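>
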Amino acid sequence: MSPLNPQTRIPTPEKITLRTILISLLLLPFIYKWHIECEALRYTFPTLMAPFYSVVFTLLIIAAFNIGVKKYAAKHALTGGELITLYILMSMTLLFMSYDMFLPLVSIIVHAFYFGTPENEWRELFWDYLPDWLTINDASVLRAFYLGDEPFFETHYIMKWLIPTFWWCVFTFALIFVMQCINVIIRKQWTEQERLVYPIVELPYQLAYNTSRFLRNRAMWWGFGIAAIISLLNGLNIFFPSIPSFPNKHIPLNALFTEKPWTAFLQGGNAIIVYPFAVGLGFLMPFELLTSCLLFFFLYKVQYFITILTGLENIPGFPYPYEQNIGAYIGICAVALWSTRRQIWRAFRTAFSQRTTADSKEPMRYRTAFLGIVFGGIFIIGFAVRGGMALWIAILFFAAHFATIAMPLTRIRAQIGFPIHSTTFIGPHHSLVSTLGTRRIGARNLTWFALFFWFNRDNRSHPMPHQLEAFKLAERGNLDVKGLSRLMLTLILIAMPLCILMLVDTFFELGVNSGKVGGQINSFGGRAYRFLEGWLTAPQDANSGHITAITIGFSATLLLSAVRSRLFWWPIHPLGYGVSFHLHLFWAAFIISTVAKWSVLKYGGLGLYRKTVPLFLGLALGDFTMGSFWNILSILLDRPTYTFYY
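Position in the sequence shown (first residue = 1) + 86 = the working numbering.
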């Protein structure tokens, strides 16, 4: 790209339109109702991956309809910028109605008081530490929630829910605002200077900005057809077992590895799983990152092999993969911040200097971003301290959340585009217990670990990566990023309480314990408080094995990063080490993607690669479209259908 000359006109960014906002608001309750069925009642998991496949499907329907509008009423057709804004707003609001966000929160609000019994002694252990402004202990409300057949929008019930709903929404908004402020500061470095690839945004970008050309591409339809046929066969097999299925979801490997130490290769994934969408998205990932992921996944299994050979398998948890992952994620965060240090300093100088236009094209002014981090951070820490958490524990807790979850996941999504990133046993509730011990943390603080379990659990729909991808789409599509940033924050103020109230209304109608609601709703709160019960009834000191593994993971990540910074030909990437522990669902698909990408680049070069990309985007789109079709059909027929994922 040639540099701009003085005569070059910079296009004016496309403004956010009123009709985009209205369409988003009109869609919101329908999307939430659909996803209550998907996430709470039927478990078809649209939000456990990136991008959310139901949002991609909705964008496809709107974009296809928009083609007809362009043909017959062009002046009323949506622009590419309006379509991508709808995608961003749907993603940012849907993440609350997620298996990893407000579904666990709603369960945690009520679970402890309903399931506390004389046998488990929860009343004596921690009831006194649960703030009444964040939880509900009213017996009539609890019975209605768990047994159902009660109108939620009755004065007594809704009044009991308003206070915890308000305070949890205020806290969540402050947390997300801090994340958005951080993204504003790091955006320029990651997007414009390092030019990270953001593979996840490619499919929605093509649907929004190149709708007609993309949907006319023959290669795309080949990919779409392959994925759709696999899904169609597997779906029909559920209704008509005589129709053969395509065994892409689970080909067990147990028969190949029956004796020790070879059984080690069954650890962390004992089946071949080939999701078409994973093959498609994997093809978009940088080649060296693909190969690094696969290399470290193999080395992950080799660790278990060596563990069995050396007789160390009797040590509980060894070789401590979760703790290695904690260290690797902290290392990813540290390296990302170090590489961004000059941009952070430039942003700081701009924020508090007299130059008023240097950050005029950023999602918000740098001064606002820095002040937002400071005062937002003070608020979320003060929120916990107000409820009884010790100040030093609160500071460590949120520092651990950003170091082990928010920052590394955002970097991984921007640089690799990894479609799923589970952080089970990685967040603060695990890392701080491992390094400090429960005795030192104390019962009151551990109770807050349980209350905060909902946003430190799996985090497959974490907000921070979605925010940065939104800024990338705005930059690529020349959108008014300031208006978009404000709108994202404004809309979640509506989305959060609506999400909680719609969920609770559903549970009051059906009853969580009635058998009409999925059992996982109970397990969310159950896991949080059983962890707490275990910490309080069996106190533990800091675990030296865990600390060693965290140190090894952190050091390995720093070492690999240092080598890459000095040897540009070095092919092994530290991010591969960080995500390797979660590759059990994708290793087979990524092998196919790696071989395909290597072959295309070697024998056809960049020209063939560009022509092949629509084929692999079609694989993802076909999987997402058929997956959405099957879960809508499941709702209409009120019976299980095929789920293409999990």
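For each residue, glycine too, the CB sits at the ideal point set by N, CA and C. The structure displayed is predicted, hence computed values, not measured ones.
Consult DSSP for Asp-733 and reduce its assignment to one of helix, strand or coil.
Shown here, the chain extends from 87 to 732; a query on residue 733 therefore has no answer.
> Apart from the five residues on each side of it in sequence, which residues of its chain come closer than 8 Å, Cβ to Cβ, to Arg-451?
Within the sequence shown, residue 451 is the residue found at index 365, counting from 1. Ala-437 and Asp-445.
> Identify every run of the beta strand (DSSP E) within the segment 518-555, keeping only runs that are complete inside it and at least 3 residues long; order them along the chain.
Within the segment 518-555, no complete beta strand (DSSP E) run reaches 3 residues.
> Determine which residues share a DSSP beta bridge with Pro-338 and list them.
The residue given as residue 338 occupies position 252 in the sequence shown. Bridge partners of Pro-338: Ala-357.
> In chain order, which continuous runs of the alpha helix (DSSP H) of length 4 or greater are located wholly inside the segment 341-423?
Qualifying alpha helix (DSSP H) stretches, in chain order: 362-370 and 373-395.
> DSSP puts Asp-627 in a beta bridge; with which residues?
By one-based count along the sequence shown, residue 627 stands at place 541. Gly-523.
> Taking Thr-133 as part of the alpha helix (DSSP H), name the residues at either end of that continuous run.
Residue 133 sits at position 47 when you count from the first residue of the sequence shown. No alpha helix (DSSP H) holds Thr-133; DSSP gives it neither H nor E.
> Report back the beta-carbon spacing between Pro-112 and Met-176 to the nearest angstrom; my notes put them in contact at under 8 Å.
Here residue 112 refers to the residue found at position 26 of the sequence shown. Here residue 176 refers to the residue found at position 90 of the sequence shown. For clarity, residue 112 is Leu in the given sequence; the question names Pro instead. No, Leu-112 and Met-176 are not in contact; Cβ-Cβ is about 12 Å, not under 8 Å.
> Which ranges does the alpha helix (DSSP H) cover as unbroken runs of at least 4 residues, wholly within the segment 565-611, from first to last along the chain?
The segment 565-611 contains these whole alpha helix (DSSP H) runs: 567-596.
> I need the boundaries of the alpha helix (DSSP H) containing Gly-458, first residue and last residue.
For the purposes of this step, residue 458 is taken as the residue at position 372 of the sequence shown. Unbroken alpha helix (DSSP H) run through Gly-458: 452-472.
> Which of helix, strand or coil does DSSP assign to Gly-691?
By 1-based counting over the sequence shown, the position of residue 691 is 605. Here Gly-691 sits in helix by DSSP.
> Which whole-angstrom value describes the C-beta separation of Tyr-295 and Gly-166, a residue pair presumed to lie in contact below a C-beta threshold of 8 Å?
Within the sequence shown, the letter at position 209 stands for residue 295. Within the sequence shown, the letter at position 80 stands for residue 166. Indeed they touch by this definition, with Cβ atoms about 4 Å apart.
> So what's Leu-90 in DSSP terms, helix, strand or just coil?
In the sequence shown, the residue the question calls residue 90 occupies position 4. For Leu-90, the predicted structure reports a pLDDT of 44, less than 50, and the residue's modelled location is therefore unreliable. The matter cannot be settled from this model.
> How would you write the range of the alpha helix (DSSP H) that Val-287 sits in, first residue to last?
As a working mapping, residue 287 is identified with position 201 in the sequence shown. No alpha helix (DSSP H) contains Val-287, which DSSP labels as neither H nor E.
> Between Thr-277 and Lys-101, which are expected to be in contact by the criterion C-beta below 8 Å, what is the C-beta distance as a whole number of angstroms?
For the purposes of this step, residue 277 is identified with residue 191 of the sequence shown, where counting begins at 1. For the purposes of this step, residue 101 is identified with residue 15 of the sequence shown, where counting begins at 1. Not a contact, Cβ separation roughly 21 Å.
> Entirely within the segment 171-236 and at least 3 residues each: give me those beta strand (DSSP E) ranges in chain order.
Fully enclosed beta strand (DSSP E) runs of 3 or longer: not present.
> Whether or not the segment 627-647 and the segment 395-409 are in contact is what I'm after, with contact meaning three or more pairs of Cβ atoms, one per stretch, closer than 8 Å; do they touch?
Segments in contact, yes.
> Since Glu-100 sits in a beta bridge, which residues does DSSP pair it with?
Numbered from its first residue, the sequence shown carries residue 100 at position 14. In DSSP, Glu-100 forms a bridge with Leu-565.
> Leaving out five residues before and five after Ser-520 in sequence, what residues of the same chain have Cβ atoms less than 6 Å from its Cβ?
To locate residue 520, count along the sequence shown from 1; it is residue 434. Once the five neighbours on either side are set aside, the close Cβ partners of Ser-520 are Asn-629 and His-632.
> So, using beta-carbon positions, are Phe-34 and Ile-466 closer together than 8 Å?
Residue numbering for the chain in the displayed model covers 87 to 732; residue 34 lies beyond these limits and cannot be assessed.
> Looking only at its own chain, which residues have a Cβ that is under 7 Å from the Cβ of Lys-246, when we skip the five neighbours before and after it?
In the sequence shown, the residue the question calls residue 246 occupies position 160. Here the set comprises Ile-222, Asp-224 and Val-227.
> Roughly how many angstroms lie between the CA atoms of Gly-713 and Phe-363, to the nearest whole one?
Residue mapping note: residue 713 aligns to position 627 of the sequence shown, counting from 1. Residue mapping note: residue 363 aligns to position 277 of the sequence shown, counting from 1. Computed Cα separation, rounded: 11 Å.
> Apart from the five residues on each side of it in sequence, which residues of its chain come closer than 7 Å, Cβ to Cβ, to Met-265?
By one-based count along the sequence shown, residue 265 stands at place 179. Correct list, in chain order: Ala-492, Pro-549, Met-550 and Gln-553.
> According to DSSP, is Tyr-243 part of a helix, a strand, or is it coil?
Taking the sequence shown and counting its residues from 1, the one referred to as residue 243 is at position 157. Reduced to three states, the DSSP call for Tyr-243 is helix.
> Since I believe Tyr-118 is in contact with Gly-597 (beta carbons under 8 Å), could you give me their beta-carbon distance rounded to a whole number of angstroms?
Taking the sequence shown and counting its residues from 1, one reaches residue 597 at position 511. Taking the sequence shown and counting its residues from 1, one reaches residue 118 at position 32. That belief does not hold up - the Cβ atoms of Gly-597 and Tyr-118 are roughly 20 Å apart, past 8 Å.
> Under the assumption that Phe-391 contacts Pro-347 (Cβ atoms under 8 Å), give the Cβ distance between them as a whole number of angstroms.
Here residue 391 refers to the residue found at position 305 of the sequence shown. Here residue 347 refers to the residue found at position 261 of the sequence shown. That belief holds up - the Cβ atoms of Phe-391 and Pro-347 are roughly 5 Å apart, short of 8 Å.
> For Ser-666, does the count of other Cβ atoms within 10 angstroms reach 16, so buried, or fall short, so exposed?
For this step, residue 666 is matched to residue 580 along the sequence shown. Buried, because 16 or more other Cβ atoms sit within 10 Å of the Cβ of Ser-666.
> If you drop the 5 nearest sequence neighbours on each side, which residues of the same chain put their C-beta closer than 6 Å to that of Ala-163?
Counting from 1 along the sequence shown, the entry for residue 163 is found at position 77. The answer, listed in chain order, is Asn-152, Val-155 and Lys-156.
> Please report the distance separating the alpha-carbon of Ile-249 from that of Pro-217.
By one-based count along the sequence shown, residue 249 stands at place 163. By one-based count along the sequence shown, residue 217 stands at place 131. Cα to Cα, Ile-249 sits roughly 11 Å from Pro-217.
> Just to confirm, is the Cβ distance from Ser-425 to Leu-661 under 8 Å?
Numbered from 1 along the sequence shown, position 339 holds the residue referred to as residue 425. Numbered from 1 along the sequence shown, position 575 holds the residue referred to as residue 661. No, the pair does not count as a contact, with Cβ atoms beyond the cut-off.
> Using only the alpha-carbon positions, how far apart do Ser-571 and Ser-184 sit?
Here residue 571 is taken as the residue at index 485 of the sequence shown, counted from 1. Here residue 184 is taken as the residue at index 98 of the sequence shown, counted from 1. Near 22 Å, if we compare the C-alpha coordinates of Ser-184 and Ser-571.
> Which value, in whole angstroms, describes the spacing of the CA atoms of Ile-268 and Leu-181?
On the sequence shown, position 182 is the one that residue 268 refers to. On the sequence shown, position 95 is the one that residue 181 refers to. One C-alpha to the other measures close to 19 Å.
> Could you give the distance in angstroms between the alpha-carbon of Glu-168 and the alpha-carbon of Ile-401?
Residue mapping note: residue 168 aligns to position 82 of the sequence shown, counting from 1. Residue mapping note: residue 401 aligns to position 315 of the sequence shown, counting from 1. So the two alpha carbons sit approximately 56 Å from each other.
> Hey, could you find the ends of the alpha helix (DSSP H) Ser-331 is sitting in?
Here residue 331 refers to the residue found at position 245 when the sequence shown is read from its first residue. Run containing Ser-331: none; DSSP gives neither H nor E here.
> Return the residue from the list Arg-562, Gly-612, Leu-573 and Leu-692 that minimises the CA-CA distance to Trp-540.
In the sequence shown, counting from the first residue as 1, residue 540 sits at position 454. The option with the nearest alpha carbon to Trp-540 is Gly-612.
> For Ser-193 and Trp-534, I'd like the C-alpha separation in whole angstroms.
Taking the first residue of the sequence shown as position 1, residue 193 is located at position 107. Taking the first residue of the sequence shown as position 1, residue 534 is located at position 448. The straight-line gap from Cα to Cα measures roughly 15 Å.
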